[in-house]
Amino acid sequence: MAYDDLRSLLRALEREGDLKRIKAEVDPYLEVGEIVDRVNKAGGPALLFENVKGSAMPLAMNVFGTDRRLLKALGLKSYGEISEKIGGLLKPELPQGFIGVREAFGKLGSMVHVPPKKIKGEAAVQEVVLTGDDVDLDRLPALFTWPKDGGSFFNLGLTHTKHPETGVRNLGLYRLQRHDKRTIGMHWQIHKDSRNHYAVAAAKGERLPVAIAFGCPPAVTYASTAPLPGDIDEYLFAGFVAGKRIEMVDCKTVPLQVPANAEVVIEGWLEPGEMLPEGPFGDHTGFYTPQEPFPALKIDCVTMRRRPLIQSIVVGRPPTEDGPLGRATERFFLPLLKIIVPDIVDYHLPESGGFHNCAIVSIDKKYPKHAQKVMHAIWGAHMMSLTKLIIVVDKDCDVHDLHEVSWRALGNTDYSRDLTVVEGPVDHLDHASYQQFWGGKAGIDATKKLPEEGYTRDGGWPDMVESDPATAALVDRRWKEYGL
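At position 198 of the sequence shown the residue is numbered 198 (the numbering used here), and the sequence of numbers has no breaks.
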């Protein structure tokens, strides 16, 4: 099972030699970011900065920086464990006999028993309560990571809101700019549920309650990054991933619930129309996102453990700590994508494309223009609609082997017929589009072409060059014999 809180995970990583304590004073202005970026790109350990300039709180970094550490945090041996579990739930088969009935109930029970659980009384995260003038966000280590950033940011604060009319909760991960000791900038992009919550409240002239939790249980932190539909509770998904219910507690000053085992929680209200310039920010695209006006949250209350710590990440040009989180999402959501687009055999979202910019998809091609049908289906599938490049290959191509994919997409296509160009929505942070929020997209059909698709050359589509099986087996034996 997943770890119940951040500090228990850090203790386990330290026992295994996969966490390094940094006792020297480090500056959150540029220095921490430079250290963490180098360590992450070198595949190094998790880091615990115990002496952060200007703050009394230790700062945990690079905690999810490798697949091994993220899997450990979530209590998994492979990302495929959750993928298979989701696939089993989404494709129930008719029960056969008593064993089949028992298995069907087991699948149902795996979801029924993991909704969040509200605890009574105060939780660990409420051992210390600060309100009014005692609130000072400067006590929390925020990072000024890149030279042209517009200020210091909290990069791993989990934002809680709820729809003003339906009461449906949303948990999201958004960057948070610290404007002053009691004000946070909320970077809510146009496609995000929390932005919609704020828009509904503002249209009615109402303020919106917000709670932001730091140092949460690992399954909760991961769930905040998952591109779930708006009507699916992230805490239900977190419990599903963790294999147990997530304990929640009522906030002190806002009508929201937060993880009982978090390290720090800040609470406040967003007033309609109160905006401040936010950014620039060196983003996961590897470029600075420009300054724009975003809602400004006034903090009324901070709760924390007696000796709290903060977790954050460095965002920038890949590879970064976003990598393992993105790969987890890629594998976890393959069964869901197959429900929407059943033609898909497998898919890959390359980290170098920021995950959402490129999708490589394999299909079992059945008919002419099958690849184009899949492209348009993906462009209509929830957050996959933001994908800028889709490459479709045959089922015998390993979508994770970029050399194999490149060989097919770059050399085995006729772009006058195999290239599809469309326009549609793009990510809020996309810097390449000529206008914000929408732009051009492309699909490459790198599948074997059929005669019905206009491939009329004599002999049909040529076979790929392959070794003679008998000769290959002979060389295999002699290779071993001579120790080559």
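By construction, the Cβ of each residue, glycine as well, lies at the ideal position given by its N, Cα and C atoms.
Annotated as distal: Glu127 and Arg15, with beta-carbon spacing of 7 Å or more.
In this structure, Asn261 is the residue among Asn261, Val314, Glu81 with its C-alpha nearest to the C-alpha of Glu122. With respect to Glu263, Pro308 sits close: the two C-beta atoms are nearer than 7 Å. Just so you know, the alpha carbons of Leu336 and Glu452 end up roughly 31 Å apart. Note on geometry: alpha-carbon atoms of Lys85 and Gly243 lie some 11 Å from one another. In this structure, Asp37 lies near Val314, with their beta-carbon atoms less than 7 Å apart. Taken in chain order, the unbroken stretches of alpha helix (DSSP H) that lie wholly in the region 312-369 and span 4 residues or more are 322-332, 334-340. Between Leu176 and Phe154, the CB-CB gap stays under 7 Å. The beta carbon of Lys20 sits closer than 6 Å to the beta carbons of Pro45, Leu47 from its chain, once the five residues preceding and following it are set aside; these are given in chain order. In the three-state reduction of the DSSP assignment, Leu171 falls in the strand class. When secondary structure is reduced to three states using DSSP, Arg182 falls in the coil class, being assigned neither helix nor strand. Going by beta carbons, Ala359 and Ile390 fall inside the 7 Å limit.
For Ala12, the enclosing alpha helix (DSSP H) has its first and last residue at 6-15. For Gly80 against Arg327, the beta-carbon gap comes to about 11 Å, at or over 8 Å, which does not count as contact. Sequence-distant Cβ neighbours of Pro227 in its own chain, meaning closer than 6 Å and more than five residues away, are Met383. Cα atoms of Asp27 and Tyr235: separation of roughly 34 Å, rounded to the nearest angstrom. The DSSP-derived three-state label of Trp407 is helix. In this structure, Tyr29 sits near Phe144, with a CB-CB distance shorter than 7 Å. Spatial neighbours of Ala296 in its own chain (CB-CB distance under 7 Å, excluding positions within 5 residues in sequence) are listed in chain order as His179, Thr183, Gly185, Glu274, Met275, Leu276.
Checking the DSSP bridge columns, you'll see Phe49 partnered with Ile22, Leu59. Around the Cβ of Asp138, a 10 Å sphere holds fewer than 16 other Cβ atoms; the residue is exposed. A residue is called buried when at least 16 other Cβ atoms come within 10 angstroms of its Cβ; Phe437 does not meet this threshold and is exposed.
Around the beta carbon of Ser194, 16 or more other beta carbons sit within 10 angstroms, so the residue counts as buried.
Our two residues, Gly439 and Gln257, have alpha carbons roughly 38 Å apart in a direct line.
Secondary structure note for Glu234: its alpha helix (DSSP H) is the uninterrupted segment 234-242. Distance from the CA of Gly354 to the CA of Val135, rounded to the nearest whole angstrom, comes to 36 Å. In this structure Thr329 is not in contact with Thr159, their Cβ atoms being roughly 18 Å apart against a cut-off of 8 Å. When rounded, the separation of the alpha-carbon atoms in Ile232 and Pro115 is 11 Å.
Judged by DSSP secondary structure, Glu466 falls outside any alpha helix (DSSP H); it is assigned neither H nor E. With respect to the 7 Å criterion, Leu140 and Val210 are not classified as neighbours on the basis of their beta carbons.
A Cβ-Cβ separation of about 5 Å places Pro259 in contact with Val220 under the 8 Å criterion.
In this chain, the beta strand (DSSP E) harbouring Ala211 covers 208-214.
Counting C-beta atoms within 10 angstroms of its own C-beta, Arg457 has fewer than 16 neighbours from the protein chains shown and is therefore classed as exposed.
For Glu321, the closest of Pro58, Asp5, Gly65, Gly17 by C-alpha to C-alpha distance is Gly65. Annotated three-state conformation of Ile391 is strand, per DSSP.
Following the DSSP letters along the chain, one finds Pro259 inside the beta strand (DSSP E) bounded by residues 257-259.
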